[in-house]
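J.: Anchor point for the sequence shown: position 279 equals 300 in the numbering used here, and the numbering is continuous, going up by one each time.
Ideal Cβ placement from N, Cα and C applies to all residues, glycine included.
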Amino acid sequence: MNTSAARETIGFIGLGLMGHGIAKNIVDKGYPLTFLGRKNRKPAEDLLGRGAREASTSRDVAAASDIVFICVTGSREVEAIIRGPDGLKEGLKKGSVVVDCSTSDPVSTVALAAELNALGIDYVDAPLSRTPKEAWEGTLDAMVGAPDAVFARVKPVIETWAGRIVHIGDTGDGHRMKLLNNFISLGYAAIYSEALALAQKVGISPPRFDSVIRNGRMDCGFYQTFMRWTLEGDRDAHKFTIANAFKDLTYLESMAGAAGIANPLGNATKNSFAGAHATGPAEQFVPMLATHIAKVNGVDLMPMKDGKKQTI
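(1) Could you check where the alpha helix (DSSP H) with residue 243 kicks off and where it finishes?
(2) Quick one: residues in its chain with C-beta nearer than 6 Å to the C-beta of residue 203, no 5 flanking neighbours on either side, listed in chain order?
(3) Under three-state DSSP, which class holds residue 164?
(4) Mind checking which residues open and close the alpha helix (DSSP H) that includes residue 40?
(5) What would DSSP say about residue 256, mapped onto helix, strand or coil?
(6) Evaluate residue 322 with the Cβ neighbour count: other Cβ atoms within 10 Å of its Cβ, from every protein chain shown; 16 or more gives buried, anything less gives exposed.
(7) Report the CB separation of residue 153 from residue 38 in whole angstroms; it is logged as a contact under 8 Å.
(8) Taking the C-alpha atoms as reference points, what is the distance between residue 186 and residue 168?
(9) So, at 7 Å on beta carbons, what are the nonlocal neighbours of residue 276 in its own chain, with the 5 sequence-adjacent residues on each side left out?
(10) Check whether the Cβ atoms of residue 52 and residue 178 sit closer than 8 Å, and answer yes or no.
(11) So, helix, strand or coil for residue 144, using DSSP?
(12) Which first and last residues belong to the beta strand (DSSP E) in which residue 121 is found?
(13) Just to confirm, is the Cβ distance from residue 274 to residue 288 under 8 Å?
(14) Expressed to the nearest angstrom, what Euclidean distance is found between the alpha-carbon atoms of residue 318 and residue 155?
(15) Taking 8 Å as the limit between beta carbons, can you name the residues of its chain near residue 304, skipping five residues before and five after?
(16) What residue ranges within the segment 51-87 form continuous beta strand (DSSP E) runs of no fewer than 3 residues, ordered along the chain?
(17) Which first and last residues belong to the beta strand (DSSP E) in which residue 229 is found?
(18) Thinking C-beta only, is residue 210 closer than 8 Å to residue 307?
(19) Establish whether the CB of residue 260 and some CB of chain B are separated by less than 8 Å.
(20) Tell whether a beta-carbon distance below 8 Å holds between residue 82 and residue 89.
(21) What does a CB cutoff of less than 6 Å around residue 249 pick up in its chain, not counting 5 residues either side in sequence?
(22) Pull up the distance between the alpha-carbon of residue 121 and that of residue 247, whole angstroms please.
(23) Going by other Cβ atoms of all chains shown within 10 Å of its Cβ, with 16 needed for buried, is residue 311 buried or exposed?
(24) What does the Cβ neighbour count give for residue 62, buried or exposed, with the cut at 16 atoms within 10 Å?
(25) Counting only the same chain and skipping the five closest in sequence on each side, list residues whose C-beta sits under 6 Å from that of residue 73.
(26) Give me whichever residues DSSP pairs with residue 262 in a beta bridge.
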């Protein structure tokens, strides 16, 4: 066990697509871990098998931990975990740290930080980039907002699950940067989707479209994972839901409004996702936006896999 593991005990709340892999890496690399279980027992059983301890409430997680990580959908969930009955505030000790790895509203983040700082508790925002595959492998990107001394304290734990860590600024700046990062990536998704629909409409198939873009100047890692749904019918190529994408773009809109800046491309991107979010099932991922945009325009972009037409 390393010296950091001997010094700090870790709590974890949010064993979803990203959180399970993050928690797995924390405990595998020697940190005592207490986690909050959920209805889906598979992640909990896996962590118990690795030596972690399960708690029944957020309060119990806080009482057992020096540093508590939260990895949930967004600010509403984070606020409930911290402020709710049997929440973190009821169990956190003076001198502890809360690290929010969710993609949250920076306005909420700054308010929670002030609320906890008054109790002698530090608050850090450390949102993620990449996919559940990298979460499991411990190679996520993290953009961290925290004062210098607090960043130095939490960095060794973040290093257990992140391959690239950027200390972007003070508390709140991590979530601000994450919204900007997602604006760019989701903007790409909206452009790719519209381009694919138009290409198909004028007689250029997705494979022919891809033969020009791939390995050219407009290629990138995001393009390659995005295209695996349309080209191969791979549902799991980029497991970030359309619902979460739409939520993040509403946060971006709020941030732009608070800053007093026009954000027409952000709003256009949000509107592209709004229709897919409203009409599709809950478990649909960002690359499937291409299928939705095509359908609105009377174009069939539903991919084939193993000789069968896929469904969303």
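T.: Judging by the given coordinates:
(1) Residue mapping note: residue 243 aligns to position 222 of the sequence shown, counting from 1. Per DSSP, residue 243 belongs to the alpha helix (DSSP H) from 242-253.
(2) On the sequence shown, residue 203 is found 182 positions in, with the first residue counted as 1. The answer, listed in chain order, is 269.
(3) What you label residue 164 is simply residue 143 of the sequence shown in a count that begins at 1. Shown here, residue 164 sits in a strand according to DSSP, grouped into three states.
(4) In the sequence shown, the residue the question calls residue 40 occupies position 19. Residues 40-49.
(5) In the sequence shown, residue 256 corresponds to position 235, counting from 1. Correct three-state label for residue 256: coil.
(6) Start at 1 with the first residue of the sequence shown, and residue 322 comes out as number 301. Classification of residue 322: buried, given that the 10 Å Cβ count is 16 or more.
(7) Here residue 153 refers to the residue found at position 132 of the sequence shown. Here residue 38 refers to the residue found at position 17 of the sequence shown. Confirmed, Cβ separation roughly 4 Å.
(8) As a working mapping, residue 186 is identified with position 165 in the sequence shown. As a working mapping, residue 168 is identified with position 147 in the sequence shown. Per the coordinates, the alpha-carbon of residue 186 lies some 15 Å from the alpha-carbon of residue 168.
(9) By one-based count along the sequence shown, residue 276 stands at place 255. So the list reads 127, 197 and 200, once near-sequence residues are dropped.
(10) By one-based count along the sequence shown, residue 52 stands at place 31. By one-based count along the sequence shown, residue 178 stands at place 157. Yes. Within cutoff.
(11) The residue given as residue 144 occupies position 123 in the sequence shown. Strand at residue 144.
(12) Within the sequence shown, the letter at position 100 stands for residue 121. Looking at the DSSP string, the run of the beta strand (DSSP E) that includes residue 121 is 118-121.
(13) Against the sequence shown, residue 274 aligns to sequence position 253. Against the sequence shown, residue 288 aligns to sequence position 267. Yes, Cβ-Cβ distance for residue 274 and residue 288 is below 8 Å.
(14) Taking the sequence shown and counting its residues from 1, one reaches residue 318 at position 297. Taking the sequence shown and counting its residues from 1, one reaches residue 155 at position 134. Near 35 Å, if we compare the C-alpha coordinates of residue 155 and residue 318.
(15) Reading the sequence shown from its first residue, position 283 is the one you call residue 304. Closer than 8 Å at Cβ, skipping near neighbours: 262.
(16) Taking only runs of at least 3 residues, the beta strand (DSSP E) segments lying wholly in the segment 51-87 are 54-57 and 74-76.
(17) For the purposes of this step, residue 229 is taken as the residue at position 208 of the sequence shown. Run containing residue 229: none in the beta strand (DSSP E); it sits in the alpha helix (DSSP H), 227-234.
(18) Numbered from its first residue, the sequence shown carries residue 307 at position 286. Numbered from its first residue, the sequence shown carries residue 210 at position 189. Taking C-beta atoms as the reference points, residue 307 and residue 210 count as a pair closer than 8 Å.
(19) In the structure shown, chain B does not exist; there is a single protein chain.
(20) On the sequence shown, position 61 is the one that residue 82 refers to. On the sequence shown, position 68 is the one that residue 89 refers to. It is a contact, given that the beta carbons lie within the stated cut-off.
(21) Taking the sequence shown and counting its residues from 1, one reaches residue 249 at position 228. Contacts found: 255 and 258.
(22) As a first step, residue 121 must be located in the sequence shown, where it is residue number 100. As a first step, residue 247 must be located in the sequence shown, where it is residue number 226. Residue 247 has its alpha-carbon roughly 27 Å from the corresponding atom of residue 121.
(23) Counting from 1 along the sequence shown, the entry for residue 311 is found at position 290. Answer is buried; the Cβ neighbour count reaches 16.
(24) The residue labelled residue 62 in the question sits at position 41 within the sequence shown. It counts as exposed.
(25) Against the sequence shown, residue 73 aligns to sequence position 52. Its chain contains 48, 54 and 56 as the residues whose beta carbon lies nearer than 6 Å to that of residue 73, once the 5 sequence neighbours on both sides are disregarded; these appear in chain order.
(26) One-based indexing of the sequence shown puts residue 262 at position 241. Note: residue 262 sits in a beta bridge opposite 306.
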